[in-house]
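Position 61 of the sequence shown, counted from 1, bears residue number 869 in my numbering, the numbering being contiguous throughout.
Where a beta carbon is used, it is the ideal one built from N, C-alpha and C, also for glycine.
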Amino acid sequence: MIYLIVGSSGSGKTTQANILRKRDNFFRIITYTTRAPRKGEINEVDYFFVNRETFLKLKREDFFLEVTEYSNNYYGTPKLEIEKYINSDKNAVLVVDLNGVKKIKEKFKNSICIYLKLDQATLVERMNARGDSTKKIEDRLKAAQDFTPYANYILDASKSVSKISREISEIVDITQK
Numbered sequence: 809m810i811y812l813i814v815g816s817s818g819s820g821k822t823t824q825a826n827i828l829r830k831r832d833n834f835f836r837i838i839t840y841t842t843r844a845p846r847k848g849e850i851n852e853v854d855y856f857f858v859n860r861e862t863f864l865k866l867k868r869e870d871f872f873l874e875v876t877e878y879s880n881n882y883y884g885t886p887k888l889e890i891e892k893y894i895n896s897d898k899n900a901v902l903v904v905d906l907n908g909v910k911k912i913k914e915k916f917k918n919s920i921c922i923y924l925k926l927d928q929a930t931l932v933e934r935m936n937a938r939g940d941s942t943k944k945i946e947d948r949l950k951a952a953q954d955f956t957p958y959a960n961y962i963l964d965a966s967k968s969v970s971k972i973s974r975e976i977s978e979i980v981d982i983t984q985k
């Protein structure tokens with residue numbers, strides 16, 4: 809099973825994906841990006857951080873399953889990471905945008921989309937707390953996507969990290985039966 813964790817910037821999707829991948833039968837598919845790492849992010853753990861030139865070279869080589877440009881940065885899901893999942897008995901967890909959800913749900917029928925939905929005021933508060941600039945926050949709010957049509961489950965992302973994590977665990981338990 810592939811679990812897609814989606815939501816606006818600041819919704820907690822990466823945090824939840826990292827919690828979920830700690831389960832015995834899970835691994836997180838790590839995506840590539842050209843954006844700079846945020847404080848506390850680790851290369852090859854949170855993302856593969858690469859420069860634009862490297863990313864575009866990989867894209868030309870058909871390295872990615874899907875690619876998105878967001879806020880003047882590229883993001884892509886490597887085919888190799890997906891193949892690791894397919895060739896294992898584990899579940900995969902992946903953080904993607906709307907384009908990624910569409911591509912992955914189309915290609916992998918065994919994917920579950922969990923949408924961490926958050927109101928705009930809380931989003932702004934969280935992005936401020938992590939040090940995003942006013943311009944970056946405005947850009948991210950303009951680019952916010954509605955995942956509702958593709959979501960199998962919608963969770964209120966204003967709850968505590970532990971509460972959301974428990975809800976996701978319940979979803980996993982239900983969908984594994």
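Asked: Look at the alpha carbon of Phe955 and the alpha carbon of Asp947, and state the distance between them as a whole number of angstroms.; Found: 18 angstroms
Asked: What separation, rounded to the nearest whole angstrom, lies between the Cα atoms of Val932 and Ala965?; Found: 13 angstroms
Asked: How many Å lie between Ile810 and Asp832 at the Cα?; Found: 15 angstroms
Asked: Specify, as a first and last residue, the run of the alpha helix (DSSP H) that Thr930 falls within.; Found: 928-937
Asked: Apart from the five residues just before and just after Leu888, which ones in its own chain have a Cβ nearer than 8 angstroms to its Cβ?; Found: Phe871
Asked: Could you round the C-beta distance between Ile837 and Ala900 to whole angstroms and report it? I think they count as a contact, below 8 angstroms.; Found: 5 angstroms
Asked: For the 8 angstroms Cβ check, are there 3 or more pairs between the segment 834-854 and the segment 900-918?; Found: yes
Asked: Using 7 angstroms as the threshold, is the C-beta distance between Leu873 and Thr885 below it?; Found: yes
Asked: What's the gap between the Cα of Glu914 and the Cα of Leu963?; Found: 22 angstroms
Asked: Whole angstroms is fine: what's the gap from Val969's alpha carbon to Arg934's?; Found: 13 angstroms
Asked: Restricting to Cα atoms, I'd like to know which of Phe856, Leu949, Asp981 is closest to Ser817.; Found: Leu949
Asked: At which residues does the alpha helix (DSSP H) containing Ala959 begin and terminate?; Found: Per DSSP, Ala959 belongs to no alpha helix (DSSP H) and is neither H nor E.
Asked: Considering only residues of the segment 832-889, which uninterrupted beta strand (DSSP E) runs meet the minimum length of 3 residues and lie entirely inside it, listed in chain order?; Found: 834-836, 872-878, 881-886
Asked: Using CA coordinates, which residue listed in Phe856, Asn826, Lys847 is at the minimum distance from Asp940?; Found: Lys847
Asked: Buried or exposed: which applies to Asp905, given that a residue is buried once 16 or more other Cβ atoms fall within 10 Å of its Cβ?; Found: buried
Asked: Report buried or exposed for Val980, applying the criterion of at least 16 other Cβ atoms within 10 angstroms of its Cβ.; Found: buried
Asked: According to DSSP, is Ala900 part of a helix, a strand, or is it coil?; Found: strand
Asked: Pick from Tyr855, Leu926, Asn880: whose alpha carbon is nearest that of Gln953?; Found: Leu926
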